[in-house]
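Peer 1: The opening residue of the sequence shown carries number 20 in my numbering; numbering runs sequentially from there. We treat Cβ as the ideally placed atom computed from N, Cα and C, and that holds for glycine. Predicted model only: the values in this text are computed from it and were never measured. Quick one: structure below, then a few questions.
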Amino acid sequence: MNWTLFKLNAFLFFKLPSAFWCGVRLKDITPNSCNATVRENWINKNPFNSIYFAVLAMGAELTTGALVLNEIKSSKRSISMLVLNSKSSYSKKAKGTILFSCNTIDSIKGAIQKTITTGEGQTVWLKSIGTNKQGIVVTEMEFEWSIKLKA
Numbered sequence: 020m021n022w023t024l025f026k027l028n029a030f031l032f033f034k035l036p037s038a039f040w041c042g043v044r045l046k047d048i049t050p051n052s053c054n055a056t057v058r059e060n061w062i063n064k065n066p067f068n069s070i071y072f073a074v075l076a077m078g079a080e081l082t083t084g085a086l087v088l089n090e091i092k093s094s095k096r097s098i099s100m101l102v103l104n105s106k107s108s109y110s111k112k113a114k115g116t117i118l119f120s121c122n123t124i125d126s127i128k129g130a131i132q133k134t135i136t137t138g139e140g141q142t143v144w145l146k147s148i149g150t151n152k153q154g155i156v157v158t159e160m161e162f163e164w165s166i167k168l169k170a
């Protein structure tokens with residue numbers, strides 16, 4: 020399967036419907052970066068008139084997870100992935116459209132190669148930064164991904 024935005028957003032609709040219905044959308048993915056957006060609307064806002072933190076986490080996780088999936092696909096190996104931990108910080112209300120970006124591809128490539136070489140599971144922390152339309156950082160989120168060869 021070739022990854023396209025349509026196929027990845029369809030995957031979102033069928034496999035992660037809560038993210039899809041909350042407005043999370045993949046905007047672009049390259050071998051080195053991934054961007055997703057989430058737009059504030061009635062279904063994803065909190066009582067303080069900004070985007071609920073869990074919806075922000077869905078957008079951020081998507082950017083990191085899509086890069087991991089892309090590298091796994093490129094390896095042509097059967098590798099499982101799972102989020103083990105997450106960290107987040109918020110610096111401004113998330114209003115309007117938030118763009119999430121992740122470009123920490125080197126650590127993913129290294130972890131997958133080490134998993135293939137040693138057969139042992141690896142973990143890697145990936146960061147996604149969320150900015151508003153003005154380019155101001157509203158949140159930084161990190162996810163610890165576990166990857167290992169499937170038996």
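1. Going by DSSP, which residues form a beta bridge with V74?
2. So is R44 in contact with chain B if we call contact Cβ pairs under 8 Å?
3. Do three or more CB pairs link the segment 89-102 to the segment 63-73 at distances below 8 Å?
4. In whole angstroms, give me the CA-to-CA distance for Q153 and K112.
5. Please report the residue range of the alpha helix (DSSP H) in which I135 lies.
6. Considering only C-alpha positions, which residue in the set G42, C121, I135 is nearest to T158?
7. Applying the criterion that 16 or more other CB atoms from any shown protein chain within 10 Å of the CB defines a buried residue, is L24 buried or exposed?
8. Could you spell out the range, first to last residue, of the alpha helix (DSSP H) harbouring N65?
9. So, using beta-carbon positions, are A73 and S105 closer together than 8 Å?
10. Taking the alpha carbon of D47 as the reference point, which residue from E139, S126, F119 has its own alpha carbon closest?
11. Looking only at its own chain, which residues have a Cβ that is under 8 Å from the Cβ of S52, when we skip the five neighbours before and after it?
Peer 2: Based on what the coordinates show:
1. Locating residue 74 in the sequence shown gives position 55, where the first residue counts as 1. DSSP output for V74 lists no bridge partner at all.
2. Going by chain labels, chain B is absent from the structure shown, which holds only one protein chain.
3. No, the segment 89-102 does not touch the segment 63-73.
4. As a first step, residue 153 must be located in the sequence shown, where it is residue number 134. As a first step, residue 112 must be located in the sequence shown, where it is residue number 93. Approximately 13 Å, taken between the alpha carbons.
5. As a working note, residue 135 is residue 116 in the sequence shown. DSSP places I135 inside the alpha helix (DSSP H), whose first and last residues are 124-137.
6. Translated into positions along the sequence shown, residue 158 becomes position 139. Of the candidates G42, C121, I135, the residue whose Cα lies closest to the Cα of T158 is C121.
7. Position 5 of the sequence shown, counted from the first residue, corresponds to residue 24. Exposed, because fewer than 16 other Cβ atoms sit within 10 Å of the Cβ of L24.
8. Taking the first residue of the sequence shown as 1, we reach residue 65 at position 46. Counted as a single uninterrupted DSSP element, the stretch harbouring N65 is not any alpha helix (DSSP H), since DSSP gives it neither H nor E.
9. In the sequence shown, residue 73 corresponds to position 54, counting from 1. In the sequence shown, residue 105 corresponds to position 86, counting from 1. Not a contact, by the Cβ cut-off of 8 Å.
10. For this step, residue 47 is matched to residue 28 along the sequence shown. Out of E139, S126, F119, F119 has the C-alpha closest to the C-alpha of D47.
11. Here the question's residue 52 lines up with position 33 in the sequence shown. So the list reads L86, S120, C121, N122, I124, once near-sequence residues are dropped.
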